[in-house]
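One structure is given below, encoded as structure tokens.
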Amino acid sequence: MTSFVIPLGEVGATAQAATGITAYAWLLVALPLFGAAVLLLGGRRTNSWGPLFATLMSWSAFLVGAGILVNLLGYAGEERSRSLHLFSWIPAGQFQVDAGMLLDPLSVSFVLLVTFVGSLIHVYSLGYMEHDPDKRRFFAYLNLFVAAMLLLVTANSYLLVYVGWEGVGLASYLLIGFWNWNPPYASAANKAFVANRVGDLGMSIAIMLMFWQFGKTDFASVNAAVGGASQGALTAIGLFLLLAACGKSAQFPLQSWLGDAMAGPTPVSALIHAATMVTAGVYLVVRSHAIFDAAPTAQLAVVIVGAITLLFGAIVGCAKDDIKKALAASTMSQIGYMMLAAGLGPAGYVFAIFHLLTHGFFKAGMFLGAGSVMHGMNDKVDMRGFGNLSGAMKVTWATFGLGWLAILGVPPFSGFWSKDKIIEAAFIGEGWRPWVFGLVTMLGAAITAFYMSRLFFMTFHGEKRWPKDAHPHESPSLMTVPMVILAFGSAFLGLFLALGDRFATWLEPVVGGGHGAEHHPVLPIPVITFGTLALVILGAGYAWLRYWRDQVPKTAPAGSLLTRAARQDLYQDQVNEGLLMRPGLHLTRSLVYADQKGVDGAVGGLAALIGGTSARVRKIQNGLARSYALTMLLGVVVILGAVWVMQ
Amino acid sequence: MTALLTATPAAFTTATVDVVALLPLLIVFGGALLGVLVEAFVPRASRFQTQVVLTVVVLVGALVALAVGAVNHRGTTAGTAGSDGILRGAVVIDGPALFIQSIILLFALLAVFTYAERLGGVGSDTFTPMGAAVPGSAREAEALRAGAMTAEVFPLFLFSVAGMMLFPSAGDLLTMFVALEVLSLPLYIMCGLSRRRRLLSQEASLKYFLLGAFSSAFFLFGVALLYGYAGSVYLPAIAAAISSPVAGLGGLLVPGILLIAVGLLFKVGAVPFHMWTPDVYQGAPTPVTGFMAAGTKAAAFGAILRFFYVGVDQAVWDWRPVLMVIAALTMVVGAVLSVTQTDMKRLLAYSSIAHAGFVLLGVTAVSRDGISGTLFYVLAYGLTSLAAFGIIALVRENGSEATHLSQWAGLGKRHPWTAGVYAFLLLAFAGIPLTSGFTAKFAVFAPMLALHTAGSTALVVLALLCSAITVFVYARIIVLMYFTEPTHDDVAVVDASGGTIATIAVGSVLTLVLGVAPAFVLNLAAQASQFIR
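Order-wise, the sequence lines are chains A and B.
Taking numbering that gives the first Met the number 0, the leading residue of the first sequence gets 0, the next gets one more, and so forth.
Taking numbering that gives the first Met the number 0, the leading residue of the second sequence gets 0, the next gets one more, and so forth.
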């Protein structure tokens, strides 16, 4: 099982043994993991230098990643897939699982995003968390997250991806609940946990189905074996992978946790819940391109999920007054774009990842900006209490502004290059699909322009609505420098990668397509581009009218039906409650005369359903030895009777 | 009747006994007998110490003998199955038997330190000073004043260990039955010897005894039926009889198999023979519970493997569907009922039921991978259980164990290390990657998937769903420990002796090692996965 040369399936590139610095790719995971271990095990002794050490580990991982990039660029496109065998992990009979890494353009793109943005956020946190008594633990968790995320994207098999997948979930859970002295924060962490478990269940079922179908879970073998598998099995695997992606990436219908996850410290929201972890679902879909390409039904489901989430997030974003929750809704919506692109097949993979990268920069930048605003405004998050902060916080305003232009898709900023391509790709196809999905993406762009401009204007422009005790001031340079660097990315990364189709060429050996599109959209490209731009200007202009020129009321007006619905996250919690929790509770109550609450009082959702059944069945366990014996006897009689009948 | 007559030897021949292969068993039995003498002749002041030292020495000695014997034995395991075994097949020392015996010795070595935990007192803190005294009586108080102690748990413990070692290596059904009783009887007594909450403990003991006797009766009835079918209780002879059946006796086979299965499945706590588990786990002294969860399960699954794979593997189409249904029921009942538990020990009891269901997947696979998966699972589960029950015994409120879940609220704030390790062990029970629980589940699900039948795949999917349910249960405890305000201020982790700490540490570290780098042990289990017929 130590064969290094393995076919990579239909795309043609072959993973070869890693050489040079790429052979040390395990350092990517080992360095931040070591940092986390030192900080967690070192205890208070590491309080003084621990955070700096963690930051150093993160930057070291970035340097290793950059080295690998240089190393890979030295090869021709087809030879850029390098595999690294680590050790034989689970040799369970005929199912051999080796732990190994796959370094190819797709994973290296992620490595660089995670380590670069992650390291910047480490630096930012040095300033942001300066006065937190538990700073050391925070940095340990951050390092743990980086290690798990890097394992997720460099793993060479689904099973190892699953390890990283659980790892980032754990780190995210720990960080959302980091300020767990606040009960709502801790319950937000629980909600994230539940939604993620549903997703993880999808992942584990998908992996088991792969074992069943292919006998292997490493990407190379799975991709190679897809051709011989039945349509039904592939569709099932694809749908379960999609369920996994929905949980992790906060896509419909598992989206409800992301807004609540904003309870965590802002750098966490920037790193985990904007730039990296929540995009893991998109990574999973793109990585599984061979499966989705062969299962059109699953692929269509991906597009539909993306389209729904994209509109859902955008509508919710329009009504949120909490700056972080508005940004979270926007993240959800932008990932919807990526998911939609990933579901479009070879035409969209490249742009899904492209948008993921640019989004990583501009959204992380804006979250850090939001953190900076909160830092200056006594941790207030209500935008109705902001206004005209552009004067007080110039750097924050400028960096946030670049991010805002990027997400709107204004040329020549980053978002334009990636989002416009997704919209174009959505218009490719035949029948009803290009029209529906194309128009949805265009509509989404317009709404995005409205709510992001609303956010920007309400925070930085218009008139001052500050609370009396607020003295906004610019943040220390430890915080502003990372923001400036990310703002550079928001401005120029897209242009840099789009010039000469650089990124498409880079990614082509892995996912194919994209480059030199053979397909043509149903509308001429200029019409799409200018139409989108016109819609964006319209959206932004309407926001200008309402939130810059007109007065913004300090307390939220009642609003229309849609606004009220959007404020309530389009009733997603109520729907969850109505569909899952209520029937469960009723069942429990009707089944159990003594209504026993769960110990922590938090019996919710599906758990209540199971709990109801559980409480019912528990009554059989009455403590009487005679009834136990009777149960055994009945069991024996039933078994013997059944066998007798069958024979 | 003619079959019976020819099976009887004409003259009494001397049995050949391979003493080296039996040495570990003999050492443990001998040590137990020695323990009885110690109990009779060593003065009270040094009795407890002597017993602990003796037990540890015996267990280490048996492990060494086993390691040496196993090395010498390797050839036989890999060779042809022509050997008659030892004692003309009454005891078979082959790969699975050696593997199970060594893990039982390992479990025992870890468990003995939790048994010996004194917390600064004269005798064991776990066991009542005088088991014969009525709870709350004057006699009990008198015994307490006089400094009495129940040092006889150590010989009882060794007898039980010896029975567990014999159980999976029994080559005929009568030896298997003897082993079953030898392992069970001391356990019944030990369950009733709790120092605190004695009535609960005695109730548990009695229930376990009654139901255990009930299940033994089923087992014996099954043995009788199979003897009637095959004319022998020797497992290879039964296998031979199945491949060349005698007309007219066919009706005895399947009921015989299933009745024996009832007796065996009772020991692992499979549904519908699981009812004793929660009551006994809760009532028994916690170290006994831990040892029972680890050791009994390993021994019983060893015996199940031997009976089904050596004795009646030809009749697989008759018993596999039944076992699959039982596995499904066991997983579902264990997982669902664990949701509403409010007592830590009961919760882990239901968790152990669910785990028994998962292990049964490995058994029903009927392949070498199934054997090695089962062997690995019982090892991984046992280590995690020992460590978990070791921790439960240390969390106390005013001296007695704080087993109600509400008492664990906020433990993470005051005792971050204890809570952290316990949380990790719970993750292992849940089967999160990088813990032994994940590897173990993988090792039993994979051979099941390899069957490529609709039923087996459905069973694995059901197993995944059940795992997902149990994750909520364990996560709830982690949330309780870390994110909930403490309600009981007196709950604290008592200062344990080095032995208990070592048990918890070894159990937890191995739980991690078997998750991160399980290859060595998995290979060992794979090498051991060949029975001798």
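The beta carbon of each residue, even a glycine, is placed where N, CA and C say it ideally should be.
Asked: Among the candidates A:P508, A:G430, A:A425, A:L257, whose CA atom is the shortest distance from the CA of A:L438?; Found: A:A425
Asked: In angstroms with no decimal places, state the Cα-to-Cα distance between B:L199 and B:A392.; Found: 16 Å
Asked: So A:F86 contacts chain B; which residues on that side make the cut at Cβ distance below 9 Å?; Found: A516, A518
Asked: With distances taken between CB atoms, is the gap from A:S156 to A:T216 smaller than 7 Å?; Found: yes
Asked: If I measure Cβ to Cβ from B:A562 and keep anything under 6 Å in the same chain, skipping five residues before and after, which residues do I get?; Found: Only positions 0 to 532 of chain B appear in this structure, which leaves residue 562 of chain B out of reach.
Asked: Give me the DSSP bridge partner(s) of A:G99.; Found: A:H84
Asked: Roughly how many whole angstroms lie between the Cα atoms of B:A145 and B:V232?; Found: 51 Å
Asked: Quick one: grab the DSSP three-state call for B:E400.; Found: strand
Asked: Provide the residue span of the alpha helix (DSSP H) that contains A:V225, from first to last.; Found: Looking at the DSSP string, A:V225 is not in any alpha helix (DSSP H), and its letter there is neither H nor E.
Asked: Please list, in chain order, all residues of the same chain as B:T276 whose beta carbon is under 8 Å from its beta carbon, the five residues on each side excluded.; Found: G268, A348, Y349, S351, I352
Asked: State yes or no: is the beta carbon of B:T456 nearer than 7 Å to at least one beta carbon in chain A?; Found: yes
Asked: Quick one: Cα of A:R501 to Cα of A:F61, how far?; Found: 21 Å
Asked: Opposite B:S215 in the DSSP bridges: which residues?; Found: For B:S215, which the question treats as bridged, DSSP gives no partner whatsoever.
Asked: Since A:Q250 and A:M148 are thought to touch, with beta carbons under 8 Å apart, how far apart are those beta carbons, to the nearest angstrom?; Found: No, A:Q250 and A:M148 are not in contact; Cβ-Cβ is about 18 Å, not under 8 Å.
Asked: What does B:F126 pair with, by DSSP beta-bridge criteria?; Found: B:S193
Asked: Quick check: B:L225 and B:G250, are their CB atoms within less than 7 Å of each other?; Found: no
Asked: Step through the CB atoms of chain B and report whether any lies within less than 7 Å of the CB of A:P90.; Found: yes
Asked: Report the neighbours of B:D488 on chain A: residues whose CB is nearer than 7 Å to its CB, in chain order.; Found: Within 7 Å Cβ-Cβ: nothing; B:D488 doesn't reach chain A, min ~17 Å.
Asked: Mind pulling the chain A residues with CB within less than 8 Å of B:P541?; Found: It is not possible to answer for residue 541 of chain B, since the shown part of chain B is limited to 0 through 532.
Asked: Using a Cβ-Cβ cutoff of less than 7 Å, which residues in the same chain neighbour B:L143 once the five nearest sequence positions on both sides are dropped?; Found: P128
Asked: Please state whether the Cβ-Cβ distance between A:A191 and A:A260 is less than 7 Å.; Found: yes
Asked: Buried or exposed, going by whether 16 or more other CB atoms sit within 10 Å of the CB of A:N222?; Found: buried
Asked: Going straight from the alpha carbon of A:W643 to that of B:A260, what length do you get?; Found: 16 Å
Asked: For A:F210, decide whether its Cβ has a neighbour in chain B, counting only Cβ atoms nearer than 7 Å.; Found: yes
Asked: Give the interface partners of B:W275 over in chain A, defined as CB-CB distance under 7 Å, in chain order.; Found: Y627
Asked: CB B:I531 to CB B:V91, shorter than 7 Å?; Found: yes
Asked: Between A:V409 and A:V110, what straight-line distance do the alpha-carbon atoms span, to the nearest angstrom?; Found: 27 Å
Asked: Let me make sure I understand the geometry here. Which of A:I204, A:M209, A:A269 has the alpha-carbon closest to that of A:L242?; Found: A:I204
Asked: Based on Cα-Cα distance, which residue from A:D321, A:I334, A:A274 lies nearest to A:V302?; Found: A:I334
Asked: Would you verify that the beta carbon of A:R136 is, or is not, closer than 7 Å to some beta carbon of chain B?; Found: no
Asked: Identify the continuous alpha helix (DSSP H) that holds B:A239 and give its terminal residues.; Found: 234-242
Asked: In this structure, how does DSSP classify B:V492 when only helix, strand and coil are distinguished?; Found: strand
Asked: Near B:G514, what residues of its chain come up, given a Cβ to Cβ distance below 8 Å and the 5 sequence neighbours on each side ignored?; Found: A427, P432, L433, T434, S435, G436, F437, T438
Asked: Run the CB neighbour count on B:H565, radius 10 Å, all protein chains shown included, and call it buried at 16 or more, exposed below.; Found: The first residue shown for chain B is 0 and the last is 532, placing residue 565 of chain B beyond what the model contains.
Asked: 7 Å is my cut-off, CB to CB: does B:T113 come that close to chain A?; Found: no
Asked: Closer than 8 Å is the cut-off here; do at least three beta carbon pairs connect the stretch 45-54 of chain A with the stretch 112-122 of chain A?; Found: yes
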